[in-house]
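Heads up: the sequence shown begins at 1 in this note's numbering, then just goes up one per residue. Where a beta carbon is used, it is the ideal one built from N, C-alpha and C, also for glycine. Below: the structure, in structure tokens.
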Amino acid sequence: MDAYIEQAGLGHILKKIRAGERLSLEDGKLLYEHPNILALGYLANIVRERLNGDQTYFIYNQHINYSNICTNLCKFCAFGRKREDALAYEMGIDEIRQKVRERLDEPIDEIHVVGGVHPDLPFSYYLDMLRAIQEERPGVHIQAFTCVEIHHLAQIAGKSVKATLQELMAAGLGSMPGGGAEVFSPRIRKLTCADKLPGEDWLDVAKTAHRLGLKTNATMLYGHIETIEERLEHLDALRRLQDETGGFLAFIPLAFHPKNTELGEGRSNTTGINDLKNVAVSRLMLDNFPHIKAYWIMLGPKMAQVALAFGADDMDGTVSEERITHMAGAETEQAIGHKTLIRLIREAGRQPVQRDTLYTVLDPC
Ligand code: V47
């Protein structure tokens with residue numbers, strides 16, 4: 001195989017990877033532009049197996065998207081709505097309680113909560129939501145609110161991000177999901193989400209969370225108008241922050257779904273090769289991130305299964321009732337049974353491992 005990698009012109013990168021040396025942005029560019037997807041997969045798999053062996057993690061989780069009313073109205077998003085829109089919705093605390101109660105017979109370990117940047121729900125709503133979820137399912141891990149939402153909550157609470165996070169933690173916040181990162185490049189933000197929290201501020205919120213001991217994830221939305229250089233700068237910013245704090249658990253490359261979005265006009269879905277490249281290059285560049293997720297909701301279960309040979313070591317979870325990607329035309333199911341996840345992982349030649357949010361092994365299956 002070494003000769004094959006040499007022939008593909010990637011021998012110097014193989015050497016760096018074997019020596020545990022960090023890849024440069026130029027290396028990343030070469031990888032993104034390289035036509036040999038199998039060579040990329042081989043390289044990414046070295047890092048994947050060094051960090052996680054054959055283990056492929058999944059979690060029993062439930063998603064609750066409490067409201068789609070949003071002041072950002074990003075051009076890539078089909079979920080966010082103005083309040084007066086016919087499809088706008090907002091769940092009351094009792095409705096959220098009901099969502100949790102409906103699934104009490106399932107062994108859910110994590111509740112993943114994300115919504116829009118709502119113009120006028122008070123800070124107390126978010127605290128009440130966390131307490132209500134904890135009351136209905138005591139001890140569950142709540143992974144809630146992206147850095148964008150946290151920044152907004154700090155503004156409506158009239159407090160610092162640190163004090164806001166401390167109050168949310170006292171009410172039951174366990175960790176934060178990785179959404180809202182999009183692509184940090186100011187050019188991309190200006191063209192696609194001009195009203196959204198700038199990339200630097202997203203990173204600052206993550207840093208504050210990490211300093212308080214809160215673990216978070218990170219994402220990158222690819223497959224629209226971003227350049228390879230912009231993707232690499234995004235990965236580099238995450239890598240630098242992770243060097244500083246060690247607070248990121250997983251990176252999730254998110255494939256752009258164009259349907260029903262302004263940015264998606266005339267654009268197609270990402271291709272399989274683009275999806276695999278983003279998994280492989282992120283595994284190779286983010287050498288200090290313990291986990292790379294193949295989020296089956298966006299990749300589809302089949303491509304997520306293949307991604308397990310291209311650097312990914314996590315399939316996310318059972319999910320249920322995901323709205324953000326489905327409003328943008330995702331054709332995947334709303335939920336997947338854990339037996340199906342286990343079968344997908346086993347058939348890929350990997351070892352399924354049921355985990356909790358912080359990657360404690362619950363069942364080695
Ligand atoms: O922040 C919005 C993205 C994110 C579209 O942390 C879109 O474990 C594709 O962040 N096509 C929300 N993506 C989802 C998310 C996530 C999902 C699963 C696990 C975790 C985790 C995080 O979805 C948004 C935005 O970046 N998004 N619109 C779209 N049309």
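Relative to the alpha-carbon of residue 78, which residue among 345, 330, 348 has its alpha-carbon at the smallest distance?
The option with the nearest alpha carbon to residue 78 is 330.
DSSP has residue 142 in a bridge; who is on the other side?
Answer is 111, 173, bridged to residue 142.
Check for me: the beta strand (DSSP E) holding residue 250 runs from which residue to which?
Residues 248-255.
Sorry if obvious, but does the Cβ on residue 65 come closer than 7 Å to a heavy atom of the ligand V47?
Not so, every heavy atom of the ligand V47 lies at least 7 Å from the Cβ.
State the CB to CB distance for the pair residue 164 and residue 114, rounded to an integer number of angstroms; the pair is presumed to be in contact (CB under 8 Å).
At roughly 17 Å, the Cβ-Cβ gap does not stay under 8 Å, so residue 164 and residue 114 are not in contact.
Can you tell me which residues form a DSSP beta bridge with residue 220?
DSSP, once it has assigned bridges, lists 253 as partnering residue 220.
Would you report the Cα separation of residue 87 and residue 326, rounded to the nearest angstrom?
So the two alpha carbons sit approximately 14 Å from each other.
Is residue 3 closer than 8 Å to residue 283 when the C-beta atoms are compared?
No, the pair does not count as a contact, with Cβ atoms beyond the cut-off.
Pull up the CB-CB distance for residue 61 and residue 133, whole angstroms please, since I reckon it's below 8 Å.
That belief does not hold up - the Cβ atoms of residue 61 and residue 133 are roughly 13 Å apart, past 8 Å.
Mind checking residue 304: buried by the 16 CB within 10 Å criterion, or exposed?
When all chains shown are included, residue 304 counts as buried.
Taking the straight line between their C-alpha atoms, what separation do you get for residue 196 and residue 227?
Residue 196 and residue 227: Cα-Cα distance of roughly 20 Å.
Can you tell me where the alpha helix (DSSP H) with residue 228 in it begins and where it stops?
Its alpha helix (DSSP H) spans residues 228-245.
Rounding to the nearest angstrom, what Cα-Cα distance links residue 21 and residue 341 in this structure?
Rounded to the nearest angstrom, the two C-alpha atoms are 34 Å apart.
Give a yes or no on whether the minimum CB-CB distance between residue 281 and chain D is below 8 Å.
Absent from the structure: chain D. Only one protein chain is present.
Quick one: using the 10 Å Cβ neighbour count with 16 as the cut-off for buried, is residue 219 buried or exposed?
Classification of residue 219: buried, given that the 10 Å Cβ count is 16 or more.
Work out the CA separation of residue 67 and residue 129 for me, nearest whole Å.
Straight-line Cα distance between these residues: approximately 12 Å.
Hey, which unbroken runs of the beta strand (DSSP E) at 3 residues or more fall wholly within the stretch 42-94?
Runs found: 55-59, 61-64.
For the ligand V47, I want to know if residue 99 counts as a neighbour, meaning its beta carbon is within less than 7 Å of at least one of the ligand's heavy atoms.
Every heavy atom of the ligand V47 is 7 Å or more from the Cβ of residue 99, so no.
Tell whether a beta-carbon distance below 8 Å holds between residue 81 and residue 70.
For residue 81 and residue 70, yes; Cβs fall inside 8 Å.
Can you tell me whether residue 253 is buried or exposed, with buried defined as 16 or more other CB within 10 angstroms of its CB?
Counting Cβ neighbours within 10 Å, residue 253 comes out buried, since at least 16 surround it.
Give me the Cβ distance between residue 248 and residue 238, rounded to the nearest whole Å; I'm assuming they're in contact under 8 Å.
The pair is a contact, with the Cβ atoms about 7 Å apart (cut-off 8 Å).
At what residues does the beta strand (DSSP E) containing residue 366 begin and finish?
No answer is possible for residue 366: the residues shown for the chain start at 1 and end at 365.
Does at least one heavy atom of the ligand V47 sit under 7 Å from the Cβ of residue 149?
No, since every heavy atom of the ligand V47 falls outside the 7 Å radius drawn around the Cβ of residue 149.
I want to know whether the stretch 90-107 touches the stretch 148-155 - three or more CB-CB distances under 8 Å.
Counting Cβ pairs under 8 Å, fewer than three are found: no touch.
Taking the C-alpha atoms as reference points, what is the distance between residue 27 and residue 221?
If you take the alpha carbons of residue 27 and residue 221, they lie about 21 Å apart.
Considering only their Cβ atoms, is the gap separating residue 216 from residue 178 smaller than 8 Å?
A contact, by the Cβ cut-off of 8 Å.
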